[in-house]
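Student: Quick one: the structure is below, questions incoming.
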Amino acid sequence: MKHTLLALILITSLISKADEGMWLPQLLNAMNIKDMKKNGLKLTAEQIYSINKSSLKDAIVQFGGGCTAEIVSDKGLILTNHHCGYSSIAYHSTVEKDYLTNGFWAMNKNEEVYTPNLTATIINRIEDVTAKVLKGVLATSTGAKTDSITKANIKQIEKEASAGTQYDAFVRPFFYGNEYYLFVVETFKDVRMVGAPPSAIGKFGGETDNWMWPRHNADFSVFRIYSGKDNKPAEYSQDNVPYTPKHVIPISLKGYKEGDFTMVYGFPGRTQEYLSSYAVDMIMNESDPLKVSLREKRLSIMNVDMRQSDAVRIAYAGRYASIANYYKKWMGEMNGLKKYDAVTKKQLFEKQFTTSITADPIKKEKYGNLFNQFQKVYTEYKILNKQVDYYSECLMTIEAFTYARGYISLIAELKKKQRGLANTFDGSLAEYKKLGFYKGYNQPTDIKICQAMLNEYIKGVAAGNRPPVLDSFIIANNNDAKKMTDFLFSNTSFVDKTKTEAMLNDIEKYPNLYERDPVYYITNAILKYYSESVFPQFQYDEKEINELEKLYIKGQQEVIKDKKFYPDANSTLRVAYGKVAGYKPKDGVENNYYTTLDGIMEKEIPGDEEFNVPPKLKELYVKKDFGQYANKDGKIQVAFTASNHTTGGNSGSPVFNAKGELIGTNFDRNWEGTMSDIMYNPNQCRNITLDVRYTLFIIDKYAGAGYLLNEMKLMK
Ligand code: ARG
Ligand code: ASP
Numbered sequence: 026m027k028h029t030l031l032a033l034i035l036i037t038s039l040i041s042k043a044d045e046g047m048w049l050p051q052l053l054n055a056m057n058i059k060d061m062k063k064n065g066l067k068l069t070a071e072q073i074y075s076i077n078k079s080s081l082k083d084a085i086v087q088f089g090g091g092c093t094a095e096i097v098s099d100k101g102l103i104l105t106n107h108h109c110g111y112s113s114i115a116y117h118s119t120v121e122k123d124y125l126t127n128g129f130w131a132m133n134k135n136e137e138v139y140t141p142n143l144t145a146t147i148i149n150r151i152e153d154v155t156a157k158v159l160k161g162v163l164a165t166s167t168g169a170k171t172d173s174i175t176k177a178n179i180k181q182i183e184k185e186a187s188a189g190t191q192y193d194a195f196v197r198p199f200f201y202g203n204e205y206y207l208f209v210v211e212t213f214k215d216v217r218m219v220g221a222p223p224s225a226i227g228k229f230g231g232e233t234d235n236w237m238w239p240r241h242n243a244d245f246s247v248f249r250i251y252s253g254k255d256n257k258p259a260e261y262s263q264d265n266v267p268y269t270p271k272h273v274i275p276i277s278l279k280g281y282k283e284g285d286f287t288m289v290y291g292f293p294g295r296t297q298e299y300l301s302s303y304a305v306d307m308i309m310n311e312s313d314p315l316k317v318s319l320r321e322k323r324l325s326i327m328n329v330d331m332r333q334s335d336a337v338r339i340a341y342a343g344r345y346a347s348i349a350n351y352y353k354k355w356m357g358e359m360n361g362l363k364k365y366d367a368v369t370k371k372q373l374f375e376k377q378f379t380t381s382i383t384a385d386p387i388k389k390e391k392y393g394n395l396f397n398q399f400q401k402v403y404t405e406y407k408i409l410n411k412q413v414d415y416y417s418e419c420l421m422t423i424e425a426f427t428y429a430r431g432y433i434s435l436i437a438e439l440k441k442k443q444r445g446l447a448n449t450f451d452g453s454l455a456e457y458k459k460l461g462f463y464k465g466y467n468q469p470t471d472i473k474i475c476q477a478m479l480n481e482y483i484k485g486v487a488a489g490n491r492p493p494v495l496d497s498f499i500i501a502n503n504n505d506a507k508k509m510t511d512f513l514f515s516n517t518s519f520v521d522k523t524k525t526e527a528m529l530n531d532i533e534k535y536p537n538l539y540e541r542d543p544v545y546y547i548t549n550a551i552l553k554y555y556s557e558s559v560f561p562q563f564q565y566d567e568k569e570i571n572e573l574e575k576l577y578i579k580g581q582q583e584v585i586k587d588k589k590f591y592p593d594a595n596s597t598l599r600v601a602y603g604k605v606a607g608y609k610p611k612d613g614v615e616n617n618y619y620t621t622l623d624g625i626m627e628k629e630i631p632g633d634e635e636f637n638v639p640p641k642l643k644e645l646y647v648k649k650d651f652g653q654y655a656n657k658d659g660k661i662q663v664a665f666t667a668s669n670h671t672t673g674g675n676s677g678s679p680v681f682n683a684k685g686e687l688i689g690t691n692f693d694r695n696w697e698g699t700m701s702d703i704m705y706n707p708n709q710c711r712n713i714t715l716d717v718r719y720t721l722f723i724i725d726k727y728a729g730a731g732y733l734l735n736e737m738k739l740m741k
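The sequence shown begins at 26 in the numbering used here and counts up one residue at a time.
Spelled out as C-alpha cells, the structure:
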C-alpha cells in the first residue's frame, strides 16, 4: 500500500511539468484551453483552430517542407527565418549579385523572384480517422496483415478527401499508431523571395553562436505566396496574383516582459519523448558521442582547408553549416541528458509503472513484460544502430564513396530499364549530371577525410562486423588507413570530373566497365553487406520497437489517468505554449530573457566572418535612429527566450502573445535545452525567438523597405 502511494506520487511529480508539450490544435478545446487561459491566454480555442471560421491556423505555413512561416499581410506576405530562406537566397545569388553577403530587397512586386520547388502549405482541416484506418483490423490480426489493411484504408481515406478538390490529403500515425489523423492541405507552388538581410545581420554570430544564448542575429527572411486568380494553388506563372489568406496575423509593437504568456504555432519535425530507458541510454552514452566525435574530425579537416582557400570556403560553406548544426545539437543533447540524469529518471519511472500494474492482473498481463522485451530488442538493436551510425557518419561521408554509390544505383536502374522493368534511367542520369557532379568537390579535403574516417572505422568496428571485402582490404594494408587511402585515390576514376563525365557517357555501352575501380569495388561491397546483413534486421527491430512503444504509451495512458499526453512531433501542425523566461545555465549564473543591440556592438569583431557589424547598422545605433521599434527604455531588443517546447521544423514559427499578436519569429533553442527532443527539462529548455520589432527595424531603417510595413497590421 505504502509502495503504491509512493509510486503514484512519484509518477505525478514526473508528469505535470509546466510548458512541456506540442499539442494538436484541433484538440485544444478538449485538452488545454483551461490551462492556457490560466496562464494568460485571451483567445478561445476556436480563434486558434477552427474549420468553419477563419482562425490563427489559416496564417500558419509549412515553408519548403522543413520550416514554418507566418502570414502577415492580406497579400500573402510571409515571415520565416534567414536560415530557412538560405537556400533560396543562395539560389538567386551570383558573384555579381551576392544576396547572401549583401541582402536582397524587392522594391516592388515586379522585383520579387520566384524560387523553383519552394512550396508553402496551409492546413485546411485535421480529422481523427483512427476508427477508419483500423477498420477490419482484428485483435488477432498479425503484424503483416494489420499493415496491409491499414495501408489500404489510408489510401482510400486520402483519395476520398482530395479527389476533385484543390487539396492534398495525407494520414499520419500518432502515438506510434494508436491514433491516426487526416490532414487536408493546400500546397502553393509559386512562392517568391521578397527580402533578406545580409548574412552579417541574419547570421550574425555564425556557428559560434548557433544553439547558444545570448543571441544577436536577425534570423528572418520575407517571402510572398502567389496563387491563381481564383486564389487556389497554381504552377508558377507571370499571371499569378498575391494570395489572399483567411487570416492575417497582427504584429505587436508593445513588447513583452518576463512571465508573459507565449504560444508557438508551427510544424515541429521529430521528437521521441516516450522512449524507454534502454533507448535513452543508447542515445546518450553511445550514439550521440559516436556521431559527435566522427563529425568533429570531419569538421576540423574541412575547417583547416576552408581557411586556406576562399574557393574551398565558399564551396563547403553550406555543407559545413549543416554538419556543424547537428554536431553541436547532439553534443548539447548528450550533455543535457547526462546532467539531468535522464536514464536514471526513465528507470525510476519504469519501476513505478511496473509497481502500479502489479495489483491488476489484466494490466499485468498486457504490460508486465514490456521492459524485458525492450531490454532484449535493444541488446541487439544497439549493435545494429552503431553499424548504421558508422555507415552514415563515417563510411559514407567519404565523398568518393557517395559518388560511387550514385553511380552504382544508376547502373542498377539502367539494368532494370534494359530488362524492360522501368523507364527511369534517362531521368536519373540527367538528375545525376544536373546535381553538379563534383561541384564544390575538393579532392585534397576528401583524401584527408577518407584517411581519418577509415582510421576511425578500423579502430571502432570489430573485424566480424565489417563487410568482408573491406575487411580483407584492411588486413592487406596492415590496418594502415593512409596506405588504403593512397591506394584508393591513385587508382580510382571517381575523384575526377573529366573521368567521371567519360564514365557517364559510357555507362549505357559498358555498364560494368568500372567494376574493377577500387572505390567502386569497395563501395559496392559496403552497400551489399549493409543491404544484406544490417539494414533488414535493423528495420525489423525498429518495427518491433515501434510495437513496444505503442503498447507502452497505451499502458501509460491507462495508468496515469489525469495526465494529458501529447504525441511526439511528426512534422504536423502543433501548438506549444509557455512563458517568456530566462534561465540559470549553471550555478551562479543567471541568463536574462532578452538581448539588445548593445550586445551586437559588444560582440563586434571588425572584418571577422561571423562577428563583423555592417557600418549602416552601427550608424543607426550611434544615432539612436530606432523609430517606433525601441522598447520603453529606448533600447532595441533583438531576441528573447521562452519556455515553449519546440524542435527542428519550428524554425520560422510565429510566437504569439496572449491576444494572438505576433511578438517574434522562433529560430533556435539554447545549448542546455537541446535535450528537449528526448526529455524536456523545464528549468533548462528554452526556445529562442527573434523580436519582431528588430525584424521591422531592419526592414524599415536598415534596408529602406519600409513600404512592406504598409501591408502589415501593426498594433501600437
Ligand atoms: N540551430 C538552428 C536550427 O537547428 C539554426 C541552424 C542554422 N544556423 C547555423 N548557424 N548553422 O536549425
Ligand atoms: N533551428 C531549428 C529549426 O531550424 C529549431 C530548433 O531546433 O529549435 O527548425
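Where is the CB? At the ideal position from N, CA and C, for every residue including glycine.
Because the structure is a prediction, the values reported are computed rather than measured.
How should asparagine 242 be labelled, buried or exposed, when 16 other C-beta atoms within 10 angstroms of its C-beta is the threshold for buried?
Tutor: Residue numbering aside, residue 242 sits at position 217 when the sequence shown is read from its first letter. Classification for asparagine 242: buried.
Student: Spell out the partners DSSP gives isoleucine 96 in its beta bridges.
Tutor: Counting from one through the sequence shown, the residue named residue 96 turns up at place 71. Answer by DSSP bridge pairing, in chain order: Ile103.
Student: Apply the 10 Å Cβ neighbour rule to aspartate 693 and answer buried if 16 or more other Cβ atoms are within range, or exposed otherwise.
Tutor: To locate residue 693, count along the sequence shown from 1; it is residue 668. Buried.
Student: Strictly by DSSP, which residues pair up with aspartate 193?
Tutor: Residue 193 sits at position 168 when you count from the first residue of the sequence shown. Per DSSP, Val210.
Student: When DSSP labels each residue in this structure, what does valine 809 get in the three-state scheme?
Tutor: The structure shown does not extend to residue 809, since the chain is modelled only from 26 to 741, so the question has no answer here.
Student: Given 7 Å as the limit, tell me if glycine 231 has its C-beta closer than that to any heavy atom belonging to ligand 2.
Tutor: Along the sequence shown, read from residue 1 onward, the residue named residue 231 stands at position 206. Glycine 231 Cβ: outside cutoff for every heavy atom of ligand 2.
Student: Identify which residue in Leu52, Phe88, Ala94 has its Cα closest to the Cα of tyrosine 743.
Tutor: There is simply no residue 743 to check, as the chain begins at 26 and stops at 741 in what is shown.
Student: Tell me the residue span of the beta strand (DSSP E) that contains leucine 715.
Tutor: Working through the sequence shown from its first residue, we reach residue 715 at position 690. Here the beta strand (DSSP E) through leucine 715 covers 712 to 716.
Student: In the DSSP assignment, find the unbroken beta strand (DSSP E) run with tyrosine 554 in it and report its ends.
Tutor: Here residue 554 corresponds to residue number 529 of the sequence shown, with the count starting at 1. Tyrosine 554 -> not in any beta strand (DSSP E); alpha helix (DSSP H) instead, spanning 543 to 554.
Student: Can you give me the start and stop residues for the alpha helix (DSSP H) that valine 647 sits inside?
Tutor: Counting from 1 along the sequence shown, the entry for residue 647 is found at position 622. Start and end: 640 to 648.
Student: For methionine 26, which residues of its own chain have a beta-carbon under 7 Å away from its beta-carbon, when the five flanking residues on both sides are left out?
Tutor: Here residue 26 refers to the residue found at position 1 of the sequence shown. The predicted model places methionine 26 with a pLDDT of 43, which falls under 50 and marks its position as unreliable; any figure quoted below should be read in that light. There are no such residues.
Student: Verify whether the separation of the beta carbon atoms of methionine 704 and leucine 373 is less than 8 Å.
Tutor: In the sequence shown, the residue the question calls residue 704 occupies position 679. In the sequence shown, the residue the question calls residue 373 occupies position 348. No.
Student: Is aspartate 693 near ligand 1 - that is, is its Cβ less than 7 Å away from at least one heavy atom of it?
Tutor: Counting from one through the sequence shown, the residue named residue 693 turns up at place 668. It does: the Cβ of aspartate 693 is within 7 Å (strictly closer) of some heavy atom of ligand 1.
Student: Where does glutamate 634 sit, in a helix, a strand or coil, going by DSSP?
Tutor: Locating residue 634 in the sequence shown gives position 609, counting from the first residue. Of the three classes helix, strand and coil, the one that applies to glutamate 634 here is coil, per DSSP.
Student: Mapping the DSSP letters down to three states, classify isoleucine 703 as helix, strand or coil.
Tutor: Position 678 of the sequence shown, counted from the first residue, corresponds to residue 703. Here isoleucine 703 sits in coil by DSSP.
Student: What's the C-alpha gap between lysine 316 and isoleucine 408?
Tutor: Position 291 of the sequence shown, counted from the first residue, corresponds to residue 316. Position 383 of the sequence shown, counted from the first residue, corresponds to residue 408. Distance between the alpha carbons of lysine 316 and isoleucine 408: 14 Å.
Student: Quick one: give me the first and last residue of the alpha helix (DSSP H) that isoleucine 756 is part of.
Tutor: Lying before the first or after the last residue shown, residue 756 is absent from the chain, which here runs from 26 to 741.
Student: At a threshold of 7 Å, does serine 166 count as lining ligand 2 (C-beta to nearest heavy atom)?
Tutor: Translated into the one-based positions of the sequence shown, residue 166 becomes position 141. Every heavy atom of ligand 2 is 7 Å or more from the Cβ of serine 166, so no.
Student: Does the beta-carbon of proline 267 have 16 or more other beta-carbons within 10 angstroms, so that it is buried, or is it exposed?
Tutor: Numbered from 1 along the sequence shown, position 242 holds the residue referred to as residue 267. Buried, by the Cβ-count rule.
Student: Ends of the beta strand (DSSP E) at aspartate 496?
Tutor: As a first step, residue 496 must be located in the sequence shown, where it is residue number 471. No beta strand (DSSP E) contains aspartate 496, which is instead part of the alpha helix (DSSP H) from 493 to 501.
Student: Give the secondary structure of leucine 39 by DSSP, where H, G and I count as helix, E and B as strand, and everything else as coil.
Tutor: In the sequence shown, the residue the question calls residue 39 occupies position 14. The pLDDT assigned to leucine 39 is 49, lower than 50, so where the model puts this residue is not dependable; a value taken from the coordinates is nonetheless given after this. Residue state, collapsed to three classes: helix.
Student: DSSP state of proline 386, grouped into three classes?
Tutor: Reading the sequence shown from its first residue, position 361 is the one you call residue 386. Correct three-state label for proline 386: helix.
Student: If I follow the unbroken alpha helix (DSSP H) through phenylalanine 426, where does it start and stop?
Tutor: The residue labelled residue 426 in the question sits at position 401 within the sequence shown. Segment 424 to 443, the alpha helix (DSSP H) holding phenylalanine 426.
Student: Between valine 216 and phenylalanine 378, which are expected to be in contact by the criterion C-beta below 8 Å, what is the C-beta distance as a whole number of angstroms?
Tutor: Reading the sequence shown from its first residue, position 191 is the one you call residue 216. Reading the sequence shown from its first residue, position 353 is the one you call residue 378. Not a contact, Cβ separation roughly 47 Å.
Student: Is it the case that the CB of histidine 108 approaches a heavy atom of ligand 1 more closely than 7 Å?
Tutor: Translated into positions along the sequence shown, residue 108 becomes position 83. Checking the Cβ of histidine 108 against ligand 1 gives yes.
Student: Using three-state DSSP, classify lysine 27 as helix, strand or coil.
Tutor: Position 2 of the sequence shown, counted from the first residue, corresponds to residue 27. The predicted model places lysine 27 with a pLDDT of 47, which falls under 50 and marks its position as unreliable; any figure quoted below should be read in that light. Lysine 27: helix per DSSP, three-state reduction.
Student: Could you say which of Glu424, Ile532, Thr517, Lys738 lies nearest to lysine 440 if we only look at CA atoms?
Tutor: Within the sequence shown, residue 440 is the residue found at index 415, counting from 1. The option with the nearest alpha carbon to lysine 440 is Ile532.
Student: Roughly how many angstroms lie between the CA atoms of lysine 157 and isoleucine 179, to the nearest whole one?
Tutor: In the sequence shown, the residue the question calls residue 157 occupies position 132. In the sequence shown, the residue the question calls residue 179 occupies position 154. Approximately 8 Å, taken between the alpha carbons.
Student: Just confirm the distance between the C-beta atoms of lysine 271 and serine 98, as a whole number of angstroms; I'd bet it's less than 8 Å.
Tutor: Sequence index remark: in the sequence shown, residue 271 carries index 246 (1-based). Sequence index remark: in the sequence shown, residue 98 carries index 73 (1-based). Rounded, the Cβ-Cβ distance is 13 Å, inconsistent with contact.
Student: In its own chain, which residues sit with a C-beta less than 8 Å from the C-beta of lysine 524, not counting the 5 before and 5 after it?
Tutor: For this step, residue 524 is matched to residue 499 along the sequence shown. Answer for lysine 524: Ser518, listed in chain order.
Student: Let me know if glycine 729 comes out buried or exposed under the rule of 16 or more other beta-carbons within 10 Å of its beta-carbon.
Tutor: Residue 729 sits at position 704 when you count from the first residue of the sequence shown. Exposed: under 16 other Cβ atoms inside 10 Å.
Student: Where DSSP assigns a beta bridge to isoleucine 148, which residues make up the other side?
Tutor: For the purposes of this step, residue 148 is identified with residue 123 of the sequence shown, where counting begins at 1. Bridge partners of isoleucine 148: Val210.
Student: Kindly indicate which residue of Asn127, Leu102, His117 has the alpha-carbon position closest to the one of asparagine 133.
Tutor: By one-based count along the sequence shown, residue 133 stands at place 108. If we check each option's Cα against that of asparagine 133, Leu102 comes out closest.
Student: Using the Cα positions of lysine 364 and leucine 143, report the straight-line distance between them to the nearest angstrom.
Tutor: The residue labelled residue 364 in the question sits at position 339 within the sequence shown. The residue labelled residue 143 in the question sits at position 118 within the sequence shown. So the alpha carbons of these two residues sit roughly 40 Å apart.
Student: Does DSSP put methionine 509 in a helix, a strand or coil?
Tutor: Start at 1 with the first residue of the sequence shown, and residue 509 comes out as number 484. Residue state, collapsed to three classes: helix.
Student: For glutamate 185, which of helix, strand or coil comes out of DSSP?
Tutor: Within the sequence shown, numbered from 1, the residue matching residue 185 stands at position 160. Looking at glutamate 185 - three-state DSSP - the assignment turns out to be helix.
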